[in-house]
Amino acid sequence: MANRASRRGAGADSGGSAAAARAALFCAVIARIPRGRVASYGQIAALAGLPRHARHVGAALRDLDDDDAVPWHRVVSSSGRVSPRDDPAAGAIQRALLEAEGVRFDARGRIDLRRFAWRAGP
DNA sequence: GCGATGACTTCGG
DNA sequence: CCCGAAGCCATCG
Numbered sequence: 157m158a159n160r161a162s163r164r165g166a167g168a169d170s171g172g173s174a175a176a177a178r179a180a181l182f183c184a185v186i187a188r189i190p191r192g193r194v195a196s197y198g199q200i201a202a203l204a205g206l207p208r209h210a211r212h213v214g215a216a217l218r219d220l221d222d223d224d225a226v227p228w229h230r231v232v233s234s235s236g237r238v239s240p241r242d243d244p245a246a247g248a249i250q251r252a253l254l255e256a257e258g259v260r261f262d263a264r265g266r267i268d269l270r271r272f273a274w275r276a277g278p
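With positions in the first sequence counted from 1, the corresponding number in this note's numbering is that position plus 156.
So, in C-alpha cells, the structure goes:
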C-alpha cells in the first residue's frame with residue numbers, strides 16, 4: 157500500500173505499529189461507507205470494534221496521505237458537521253466531494269443525517 | 001510515569 | 001440552536 161504516512165516524528169510505524177493497525181482497521185470500515193452517505197467518527201470506531209476511539213479515527217485520517225484511496229470525506233462529526241481542522245480549505249474540499257456524491261448541506265453547512273447517515277447493512 | 005494534546009462525543013445552561 | 005465543560009484514550013515531549 158502506498159503509505160508514506162509518517163507525519164509525526166514517528167516514522168511510518170516506529171512504536172506506532174499499533175496505531176497503524178488501528179488506522180488500517182478504520183480505513184477498512186470507512187471504505188465500506190457507500191457513496192453518497194456519511195458516517196460519524198464514533199460510528200467508524202464502534203464498527204471497527206473500538207468504541208470510544210472516535211478521536212483516533214480522526215487522528216488516523218489526519219495521518220492519511222493524498223495517495224490513499226480512502227473516502228475520508230465521508231467521515232463527519234456526530235452532528236453531521238464537517239469537523240474543523242488546521243486547514244479550513246480541506247473542509248471546503250470535503251464538502252465539495254460530498255456534494256459531488258449527492259450529499260446535501262443545509263444553510264448552516266450541516267448534513268441531514270436522517271437522509272445521509274450510513275447504516276451498516278443487514 | 002506525568003502532563004498536554006486532539007479530523008470526537010455527550011450533557012447542561 | 002449555540003456555547004462551554006467534562007469524559008475518553010492513545011500518543012508525544
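Glycine included, C-beta positions come from ideal geometry on N, C-alpha and C.
V232 is bridged by DSSP to S196. The three-state secondary structure of I267, taken from DSSP, is strand. In this structure, the straight-line span from the alpha carbon of D221 to that of R188 is close to 19 Å.
Close CB contacts of A210 within its chain, under the 6 Å cut and outside five residues either way in sequence, are with Y197, G198, A201 (chain order).
A177 and A256 have their C-alpha atoms spaced approximately 31 Å apart. In the DSSP assignment, F182 falls within the alpha helix (DSSP H) that extends over 173 to 187. When the five nearest sequence neighbours on each side are left out, the beta carbons in the same chain lying within less than 7 Å of the beta carbon of G258 are those of G192, in order along the chain. Here R271 is exposed, its C-beta having fewer than 16 other C-beta atoms within 10 Å.
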